[in-house]
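Okay, structure first, notes after.
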Amino acid sequence: MASASGYVYRREHVAPSVRCRAMSIKYALLGLMRDEPMHGYRVKEAFDRRVGSLWGLTRPQIYQTLNALERVGLLTSHGERVGSRPARRIYTLTDLGRRAFERWLDSGSVCRPRPFRADLLLRLLFVRERDVAPIAAALERAEQRALQLVDRIARVPNSSARDGAIDVGGMLRAGAAQQAETDLDLVRSCRRELARWSGATKRRLDSAPDGEPPRACAAARRFGVRSTLASTASPPRRRSAGAQ
148 MASASGYVYR REHVAPSVRC RAMSIKYALL GLMRDEPMHG YRVKEAFDRR VGSLWGLTRP
208 QIYQTLNALE RVGLLTSHGE RVGSRPARRI YTLTDLGRRA FERWLDSGSV CRPRPFRADL
268 LLRLLFVRER DVAPIAAALE RAEQRALQLV DRIARVPNSS ARDGAIDVGG MLRAGAAQQA
328 ETDLDLVRSC RRELARWSGA TKRRLDSAPD GEPPRACAAA RRFGVRSTLA STASPPRRRS
388 AGAQ
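The sequence shown begins at 148 in this note's numbering and counts up one residue at a time.
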């Protein structure tokens, strides 16, 4: 698929963790239809009831996945009209789909955990090359988003596990809460480190000896630091016309 910029997105360009998550969704939908055929809306209800809304599976994603599973023969579908409502498609698990689901269920493969990476951490590597203020503002916004996520997860209702079933939704909610708290702690650590580094940089510039080099003066101006030496440094002495 080509983007507006002409870049072609291929399967190998998608992160393995993203591909693995998408495959897991496909098999989960197959598993939901082991007992009975379902239409897309009911599949969404069943998934959210047993897993919870934190997974973030949307209706368009469900219908797209169901259609993809039908194209490869793991599902079949037929139209059904109820009263005056528009016809809806009922999906049924095929024998091929059942075998594929059972192979996935019995397999020992698991998705590798996604390693933590943050754009802001990389920007901190180059904080000396520009003003601190934009990165400090970005970290503040990141902390606000992390706080909002922590609050949103805390307000998510518990999932409804079937009698005797493992409470997958509850475990997902607990894991998401722990991850959100970890992300919040990291952002706050970044803000503290940036403040420490900025303060140390200002003190170092203010305490520099007379004759502060021009490069240091430029750094002081770049970081918004009023270095005492930047204003007192003597201008370069001009040579007289007759000097050799």
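Glycine residues also receive a C-beta, built at the ideal position from the N, C-alpha and C atoms.
(1) Are residue 320 and residue 201 closer than 7 angstroms when you measure CB to CB?
(2) From residue 361 to residue 344, what does the alpha carbon distance come to, in whole angstroms?
(3) Determine the contact status of residue 392 and residue 244, defining contact as a CB-CB distance below 7 angstroms.
(4) Identify which residue in 236, 179, 274, 326 has its Cα closest to the Cα of residue 249.
(5) In whole angstroms, what separates the C-alpha of residue 336 from that of residue 292?
(6) Compute the Euclidean distance between the alpha carbons of residue 314 and residue 186, then round it to the nearest angstrom.
(7) Which residue or residues does DSSP assign as beta-bridge partners of residue 185?
(8) Check residue 370 in the structure and name its three-state DSSP category.
(9) Counting C-beta neighbours from all protein chains within 10 Å, is the total for residue 230 16 or more, i.e. buried, or is it exposed?
(10) Can you give me the C-alpha to C-alpha distance between residue 356 and residue 331, rounded to a whole angstrom?
(11) Tell me, which residues are paired with residue 223 by DSSP?
(12) Once DSSP output is grouped into helix, strand and coil, what is the label at residue 266?
(13) Between which two residues does the alpha helix (DSSP H) containing residue 303 stretch?
(14) Among the candidates 334, 324, 237, 254, whose CA atom is the shortest distance from the CA of residue 267?
(15) Which same chain residues end up closer than 8 angstroms to residue 181 when comparing Cβ atoms and leaving out the 5 residues on each side of it in sequence?
(16) Buried or exposed for residue 329, please, with buried defined as at least 16 other CB atoms from any protein chain shown within 10 angstroms of its CB.
(17) Smallest Cα separation from residue 340: which of 272, 216, 326?
(18) To the nearest whole angstrom, what separates the beta carbons of residue 324 and residue 342, a pair I think is in contact under 8 angstroms?
(19) Which residues mark the beginning and the end of the alpha helix (DSSP H) in which residue 232 is found?
(20) Using the beta-carbon count (16 or more within 10 Å), is residue 289 buried or exposed?
Looking at the coordinates:
(1) Here the question's residue 320 lines up with position 173 in the sequence shown. Here the question's residue 201 lines up with position 54 in the sequence shown. Yes, they are a contact pair.
(2) For the purposes of this step, residue 361 is identified with residue 214 of the sequence shown, where counting begins at 1. For the purposes of this step, residue 344 is identified with residue 197 of the sequence shown, where counting begins at 1. Caution applies to residue 361, whose pLDDT of 43 falls short of 50 and renders its modelled position unreliable; the model cannot decide the point.
(3) The chain is shown only over 148 to 391; residue 392 falls outside these bounds and no answer can be derived.
(4) In the sequence shown, counting from the first residue as 1, residue 249 sits at position 102. Residue 249 has its Cα closest to that of 179, out of 236, 179, 274, 326.
(5) Looking up residue 336 in the sequence shown gives position 189. Looking up residue 292 in the sequence shown gives position 145. For residue 336 and residue 292, the distance between alpha carbons rounds to 15 angstroms.
(6) On the sequence shown, residue 314 is found 167 positions in, with the first residue counted as 1. On the sequence shown, residue 186 is found 39 positions in, with the first residue counted as 1. A direct Cα-Cα distance of roughly 24 angstroms separates residue 314 from residue 186.
(7) By 1-based counting over the sequence shown, the position of residue 185 is 38. Answer is 238.
(8) Start at 1 with the first residue of the sequence shown, and residue 370 comes out as number 223. Annotation note: pLDDT 46 at residue 370 (below 50); position unreliable, coordinate value reported separately. Note: residue 370 maps to coil in three-state DSSP.
(9) Counted from its first residue, the sequence shown places residue 230 at position 83. The residue is exposed, with fewer than 16 neighbouring Cβ atoms inside 10 Å.
(10) Here residue 356 refers to the residue found at position 209 of the sequence shown. Here residue 331 refers to the residue found at position 184 of the sequence shown. Using only the alpha carbons, I get a separation of about 40 angstroms.
(11) Taking the sequence shown and counting its residues from 1, the one referred to as residue 223 is at position 76. The partner list for residue 223 (beta bridge, DSSP) reads 239.
(12) By 1-based counting over the sequence shown, the position of residue 266 is 119. Of the three classes helix, strand and coil, the one that applies to residue 266 here is helix, per DSSP.
(13) As a working note, residue 303 is residue 156 in the sequence shown. Here residue 303 belongs to no alpha helix (DSSP H), and DSSP marks it neither H nor E.
(14) Looking up residue 267 in the sequence shown gives position 120. It is 334.
(15) Numbered from 1 along the sequence shown, position 34 holds the residue referred to as residue 181. Within the same chain, residue 181 has close Cβ partners 240, 245, 248.
(16) Working through the sequence shown from its first residue, we reach residue 329 at position 182. Result: exposed.
(17) Taking the first residue of the sequence shown as position 1, residue 340 is located at position 193. Shortest Cα-Cα distance from residue 340 to any of 272, 216, 326 involves 272.
(18) Taking the first residue of the sequence shown as position 1, residue 324 is located at position 177. Taking the first residue of the sequence shown as position 1, residue 342 is located at position 195. At roughly 27 angstroms, the Cβ-Cβ gap does not stay under 8 angstroms, so residue 324 and residue 342 are not in contact.
(19) In the sequence shown, the residue the question calls residue 232 occupies position 85. It is not in any alpha helix (DSSP H) - residue 232 carries neither H nor E in the DSSP assignment.
(20) Walking along the sequence shown from the start, residue 289 turns up at place 142. Classification for residue 289: buried.
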